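Novice:
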Amino acid sequence: MISVLAMQFLALVLTLTASAGAFATAEEESGGEGKPSEKQLRQLGERMYRQGSQTDSKPMRAIVAGDVLMDGRMFTCVNCHRRSGLGSEEGSVITWPINGKELFIPRRRTGAWNPKKANRGPGAIERWTLPPQYRAADARPAYTDESLARLIRTGIDPAGRKLSSVMPRYVMEDGEMAVLIAYLKTLSAATDPGADGETIRFATVITDEVPKEERDAMLSVLQAHIDARNTQTRPHLRRARRGPFYKTEKYGAYRKLELDVWELQGPAHSWRDQLEAYYQARPVFALLGGISSADWAPIHEFSEAHEIPSIFPLTDRPVVSDSDWYTLYFSKGLYQEGEAAARFLSSGKGAEGRPLLQLYRPGSAGESIARGFRETWQKLGGSGLVDRPLPTGEALTDQGWRDLFAGHPSPVVLLWLDGEEVAAAIASGELAAAGTIFASSGLLGDKPGLIPEQMRDTLFLTHPRSLPGENGIRLRVVQRWLKARGIPATHLDIQARMYFLGWMLPGAIKYLRSEFYRDYFLEGFDMMTDQNYAIAVYPRLSFGPGQRYASKGCYIVRLGPGDAPDLIKASRWVIN
Amino acid sequence: MINENPMVGGRWFAQTLLGALFCSWAAVSIPVAHGLEPISQADHSGHARHQQMLEKKEFTRILQDYQVPDVTLTDQDGQKVSLRAVLEGEQPVMLNFIYTTCTTICPVLSASFAQVQKYMAPEEVESTRMVSISIDPEHDTPLKLKEYARRFRAGPGWEFFTGDLDDIVVVLTAFDAYRGDKMNHIPLTFLRATPNDSWVRIEGFASSRELLQEYRTLTKSILPAPAISYTDGDRFTRFMVDSSVSSKRVMFPTLCR
Chain C
1 MISVLAMQFL ALVLTLTASA GAFATAEEES GGEGKPSEKQ LRQLGERMYR QGSQTDSKPM
61 RAIVAGDVLM DGRMFTCVNC HRRSGLGSEE GSVITWPING KELFIPRRRT GAWNPKKANR
121 GPGAIERWTL PPQYRAADAR PAYTDESLAR LIRTGIDPAG RKLSSVMPRY VMEDGEMAVL
181 IAYLKTLSAA TDPGADGETI RFATVITDEV PKEERDAMLS VLQAHIDARN TQTRPHLRRA
241 RRGPFYKTEK YGAYRKLELD VWELQGPAHS WRDQLEAYYQ ARPVFALLGG ISSADWAPIH
301 EFSEAHEIPS IFPLTDRPVV SDSDWYTLYF SKGLYQEGEA AARFLSSGKG AEGRPLLQLY
361 RPGSAGESIA RGFRETWQKL GGSGLVDRPL PTGEALTDQG WRDLFAGHPS PVVLLWLDGE
421 EVAAAIASGE LAAAGTIFAS SGLLGDKPGL IPEQMRDTLF LTHPRSLPGE NGIRLRVVQR
481 WLKARGIPAT HLDIQARMYF LGWMLPGAIK YLRSEFYRDY FLEGFDMMTD QNYAIAVYPR
541 LSFGPGQRYA SKGCYIVRLG PGDAPDLIKA SRWVIN
Chain X
1001 MINENPMVGG RWFAQTLLGA LFCSWAAVSI PVAHGLEPIS QADHSGHARH QQMLEKKEFT
1061 RILQDYQVPD VTLTDQDGQK VSLRAVLEGE QPVMLNFIYT TCTTICPVLS ASFAQVQKYM
1121 APEEVESTRM VSISIDPEHD TPLKLKEYAR RFRAGPGWEF FTGDLDDIVV VLTAFDAYRG
1181 DKMNHIPLTF LRATPNDSWV RIEGFASSRE LLQEYRTLTK SILPAPAISY TDGDRFTRFM
1241 VDSSVSSKRV MFPTLCR
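Residue numbers (the working numbering), protein chains in the order written: chain C, 1 to 576; chain X, 1001 to 1257.
1. Is it buried or exposed, G363/C, if we count other Cβ atoms within 10 angstroms and call 16 or more buried?
2. Which residues bound the beta strand (DSSP E) around L385/C?
3. Using the C-alpha atoms, what's the distance from G91/C back to I437/C?
4. Measuring CB to CB, does T462/C end up less than 8 angstroms from E213/C?
5. I think K332/C touches L1143/X, with their Cβ atoms under 8 angstroms apart; what is that distance to the nearest whole Å?
6. How would you label H269/C, buried or exposed, when you count the other beta carbons within 10 angstroms and need 16 or more for buried?
7. Which term fits E420/C, buried or exposed, when burial requires 16 or more other beta carbons within 10 angstroms of its beta carbon?
8. Consider the C-beta atom of P244/C and the heavy atoms of the ligand ZN; say whether any pair is separated by less than 7 angstroms.
9. Going along chain X, which residues have a C-beta under 9 angstroms from N99/C?
10. In chain X, which residues lie less than 7 angstroms from F75/C when you measure between Cβ atoms?
11. Just the chain X side, please: which residues come within less than 9 angstroms of N79/C by C-beta, in chain order?
12. Which whole-angstrom value describes the C-beta separation of T1100/X and S88/C, a residue pair presumed to lie in contact below a C-beta threshold of 8 angstroms?
13. Mind checking V319/C: buried by the 16 CB within 10 Å criterion, or exposed?
14. Within 10 Å of its beta-carbon, does S1112/X have 16 or more other beta-carbons around it, so buried, or fewer, so exposed?
15. Counting only the same chain and skipping the five closest in sequence on each side, list residues whose C-beta sits under 6 angstroms from that of R61/C.
16. Does DSSP put S428/C in a helix, in a strand, or in coil?
17. Using the beta-carbon count (16 or more within 10 Å), is L1255/X buried or exposed?
18. Which residues, in chain order, does the segment 1129–1159 of chain X contribute to contact with chain C at a C-beta distance below 7 angstroms?
19. Where G579/C and A1177/X are concerned, what is the direct C-alpha to C-alpha distance, given to the nearest angstrom?
20. Go through its chain and collect everything with a Cβ distance to P539/C's Cβ below 6 angstroms, but skip five positions before and after it.
21. Report the neighbours of G1163/X on chain C: residues whose CB is nearer than 8 angstroms to its CB, in chain order.
22. Would you mind stating whether W401/C and Q358/C have Cβ atoms separated by less than 8 angstroms?
23. Give every residue of the same chain whose Cβ lies closer than 8 angstroms to the Cβ of L163/C, excluding the five residues on either side of it in the sequence, and list them in chain order.
24. Any contact between the segment 479–497 of chain C and the segment 540–548 of chain C? By contact I mean 3 or more CB pairs, one from each, below 8 angstroms.
25. Which first and last residues belong to the beta strand (DSSP E) in which K1080/X is found?
26. Which two residues bound the contiguous alpha helix (DSSP H) that contains G472/C?
27. With a 10 Å radius around its C-beta and 16 neighbouring C-beta atoms as the bar for buried, classify Q1079/X as buried or exposed.
28. What's the gap between the Cα of Y254/C and the Cα of I200/C?
29. Which whole-angstrom value describes the C-beta separation of V1125/X and Q1117/X, a residue pair presumed to lie in contact below a C-beta threshold of 8 angstroms?
30. Where does P313/C land, buried or exposed, given buried means 16+ other C-beta within 10 angstroms?
31. For V1125/X, does the three-state DSSP call read helix, strand or coil?
32. Whole alpha helix (DSSP H) runs in the segment 32–84 of chain C with 4 or more residues, listed along the chain?
33. Could you give the uninterrupted runs of the beta strand (DSSP E) lying entirely in the segment 1114–1158 of chain X, keeping only those of 3 residues or more?
34. Can the beta-carbon of L286/C be found closer than 8 angstroms to that of F521/C?
35. Does the separation of the CB atoms of L1188/X and E1214/X fall below 8 angstroms?
36. Short of 8 angstroms in beta carbon distance, which residues of its chain neighbour G252/C, apart from the five on each side in sequence? Order them along the chain.
Structure below.
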């Protein structure tokens, strides 16, 4: 017994020493005054909260569902409570807010009498004078550091209630606990920039190479949505001032929406400075829509740096990342076409172990498709891919095409080139023996008729949107909406996508209630159900926590006969 | 047998938390001396309903017959597999529905599966099919499922499936698990010993011991009911579990200052 206790004591000393070691490192970074800086502590707390990593980089540990051991690599606070700390609802499971603003005040029940401080005191209406339904007691008192630590360890709140066993009971030393609690105190503690007591300010980013007609098509629909919502400003503000107290939460949340237009001029490397200048002059809560034909990366990086949500920009060249957080795209754009082709071939429909030859022009849209194909093909364990970038601006002669294909007998050929070049490559006659040829229907444009009919059995096209005629009714809904608002239907592809954004926006704002935090706004989209009603461009858009590309699919199609061939499905929308 | 199976993370409990064990021992032994206010039975004497709630199981269990639909799904290796071949073999089956970006329900269900697998005897692991079917098949590609399996340290015998959305809806409907959208799903676990038996449908969150007990009852296993093993890690676990379930005492941590 003595030896066991001695061992336990020794282990305790070792554990505390290890913990102190982690702080020593942090102190060194801070230049040392004996304590890590507030910023360093917050980073450590954030790492615990988001990555499940203790200050000593070991995974946090807990027991869930009564007896299940889990660690921070499986899941951690952020999974359920989300990045904002405002919690989530999933089926029958409700996860409560744990942000700084909520934890350290008593939890009033929704609809309970909750007078403003100024209205309390002698002569004021007291809770017990109200009808019984408004006399609800607080659900729990305010947390203290001690009661919060006890909850995190045992699942028992200050009111003595035991939380569902879905809430992990964490095994955490005091030093770690202090870091986590300090972080929770700062989490969503103050309203984010861009929202105040009256307005929520948004911006939309437009780059200068976008034709005026496309710019106007994007902007007019977005502005029409904002204007339509703002027509309710006066009655809602009146209700907020004079409405019954049990509806305070609802009416008090109303804000007028403002939309700024951020026009970016000149080369892409100068965009970041321009964005910073716009932001400094008038901070916005989030970016909505936006349009550019260039790489969206500079705007994406600006959003990441300032943690500003950017919802549904119109771009074919988004940043494709598994970990970036703040931009929600319609799709992976061109990249997604290459990804779909790789999945299609990998699932056994045409590759059959033969070599693959991939052609594209550097700097073109085709290069993005080629990258999507290459990266996906590698991830899927594919081999035999030969990348052949063609010289920029140099048209190949028939002989050039023949030379190119001579060394690759009967391969699978991926032609990520525009319509005329695809036709020229096929016309060279060297692809007659190829079993499978891939091209992009978007790059082929209005030239599919150039493809000889005898080659159409071997030609597959990537088509990352609904097929013609598939979304007729939804498109007519958009057309009617535009007509009712006097907006000419000039670019339905752009307008339909902005219509969808406007259709989703009220839901995300309603989800915010009065909690104007950017992370929470983004979570409003994350937690939305899949949509196939208001979107005329894609068969379906789906959402989910951390999912940043709403369209998950891309058809692989074949060309039918004739000069204006139909597109015939060769795959389902999503290829697994 | 169970003792021989390393638990999920059992080593880290053993290696790093002996010190905490000391504290836990201290909390049980001398709580008042350190200013602790244990939640005693007396504290709850006037709150029968409250106490009842504390002891209430967080799941329901019913027996149901389901017709396994004839659909083809894709496993985590990208292979097409008939669902009937997976679920209607002679092996006992444990089934749940998950998606990889799920916030609350699926991580807990998956951690439970992982722990049940660790608790099982080797011959049980070998003879059992543990099946997780994605309810977000458009996002959950085979690669994503593979990554998810690694995250939860799924052992051999635990397979993950995705497929066409329409097929997944058919499967969910067949198991009365379709709730219109993945965001509305509920925690469900299904167990069946042979294709001739009914399915046990567990709705809610069962502990790994409860799941394993259910499995052993169904398979008429002669193995003993799952019990706590007494490695260092398990001793600590037992203390944690017993303390939090009974709410009789406050645990060690407030002593560790």
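No residue lacks a Cβ here, since even glycine has one placed at the ideal position from N, Cα and C. Just so you know, these numbers come straight off a predicted model, no measurement behind them.
Specialist: In this structure, then:
1. Working through the first sequence from its first residue, we reach residue 363/C at position 363. It counts as exposed.
2. On the first sequence, residue 385/C is found 385 positions in, with the first residue counted as 1. Looking at the DSSP string, the run of the beta strand (DSSP E) that includes L385/C is L385 to P389.
3. As a first step, residue 437/C is located in the first sequence; it is residue number 437 there, counting from the start. As a first step, residue 91/C is located in the first sequence; it is residue number 91 there, counting from the start. Spanning the two alpha carbons is a distance of roughly 45 angstroms.
4. Residue numbering aside, residue 462/C sits at position 462 when the first sequence is read from its first letter. Residue numbering aside, residue 213/C sits at position 213 when the first sequence is read from its first letter. Taking 8 angstroms as the Cβ cut-off, T462/C and E213/C do not qualify as a contacting pair.
5. Mapped onto the first sequence, residue 332/C falls at position 332. Mapped onto the second sequence, residue 1143/X falls at position 143. Not quite, the Cβ-Cβ distance comes to about 15 angstroms (not below 8 angstroms), so this is no contact.
6. In the first sequence, the residue the question calls residue 269/C occupies position 269. Exposed: under 16 other Cβ atoms inside 10 Å.
7. Stepping through the first sequence from its first residue, residue 420/C is reached at position 420. Exposed, by the Cβ-count rule.
8. This structure lacks the ligand ZN, and indeed carries no ligand of any kind.
9. As a working mapping, residue 99/C is identified with position 99 in the first sequence. Simply none; closest approach about 16 angstroms.
10. Within the first sequence, numbered from 1, the residue matching residue 75/C stands at position 75. Here the neighbours are P1107.
11. The residue you call residue 79/C lines up with position 79 of the first sequence. Neighbours of N79/C on chain X, chain order: C1102, T1103, T1104 and P1107.
12. Translated into positions along the second sequence, residue 1100/X becomes position 100. Translated into positions along the first sequence, residue 88/C becomes position 88. About 16 angstroms; that fails the 8 angstroms criterion.
13. As a working note, residue 319/C is residue 319 in the first sequence. That one is buried.
14. As a first step, residue 1112/X must be located in the second sequence, where it is residue number 112. S1112/X is buried by the Cβ-count criterion.
15. Here the question's residue 61/C lines up with position 61 in the first sequence. The residues are D71 and V171.
16. Locating residue 428/C in the first sequence gives position 428, counting from the first residue. In this structure, S428/C counts as coil in the three-state DSSP scheme.
17. As a first step, residue 1255/X must be located in the second sequence, where it is residue number 255. Below a pLDDT of 50, predicted positions are generally treated as unreliable, and L1255/X, at 28, falls in that range; the measurement from the model is reported next regardless. L1255/X should be labelled buried.
18. D1136, P1137, E1138, H1139, T1141, P1142, L1143, R1151 and F1152
19. Look at the range of chain C in this structure, 1 to 576, and you will see that residue 579/C is not part of it.
20. Your numbering for residue 539/C matches position 539 in the first sequence. The answer, listed in chain order, is S466 and W573.
21. Position 163 of the second sequence holds residue 1163/X. Result: N576.
22. Sequence index remark: in the first sequence, residue 401/C carries index 401 (1-based). Sequence index remark: in the first sequence, residue 358/C carries index 358 (1-based). Contact: no.
23. One-based indexing of the first sequence puts residue 163/C at position 163. Excluding positions up to five away in sequence, the list reads L151, G155, I156 and D157.
24. Fewer than three beta-carbon pairs drawn from the segment 479–497 of chain C and the segment 540–548 of chain C are found closer than 8 angstroms, and the two stretches are therefore not classed as touching.
25. As a working mapping, residue 1080/X is identified with position 80 in the second sequence. From DSSP, the beta strand (DSSP E) with K1080/X extends over K1080 to S1082.
26. For the purposes of this step, residue 472/C is taken as the residue at position 472 of the first sequence. First-last of the alpha helix (DSSP H) with G472/C: G472 to A484.
27. By 1-based counting over the second sequence, the position of residue 1079/X is 79. Classification of Q1079/X: exposed, given that the 10 Å Cβ count is below 16.
28. If you number the first sequence from 1, residue 254/C lands on position 254. If you number the first sequence from 1, residue 200/C lands on position 200. Distance between the alpha carbons of Y254/C and I200/C is about 10 angstroms.
29. Counting from 1 along the second sequence, the entry for residue 1125/X is found at position 125. Counting from 1 along the second sequence, the entry for residue 1117/X is found at position 117. Their Cβ separation, rounded to whole angstroms, is 6 angstroms, which keeps V1125/X and Q1117/X in contact under 8 angstroms.
30. Indexing the first sequence from 1 puts residue 313/C at position 313. Its Cβ being crowded by 16 or more others within 10 Å, P313/C is buried.
31. Numbered from its first residue, the second sequence carries residue 1125/X at position 125. Reduced to three states, the DSSP call for V1125/X is helix.
32. 38–51 and 77–81
33. 1129–1134
34. Stepping through the first sequence from its first residue, residue 286/C is reached at position 286. Stepping through the first sequence from its first residue, residue 521/C is reached at position 521. First, the residue type needs correcting, since residue 286/C is Ala and not Leu in the sequence shown. Yes; because the gap between Cβ atoms is below 8 angstroms, this pair is in contact.
35. As a position in the second sequence, residue 1188/X is number 188, starting the count at 1. As a position in the second sequence, residue 1214/X is number 214, starting the count at 1. No. Outside cutoff.
36. By one-based count along the first sequence, residue 252/C stands at place 252. Closer than 8 angstroms at Cβ, skipping near neighbours: A240 and S514.
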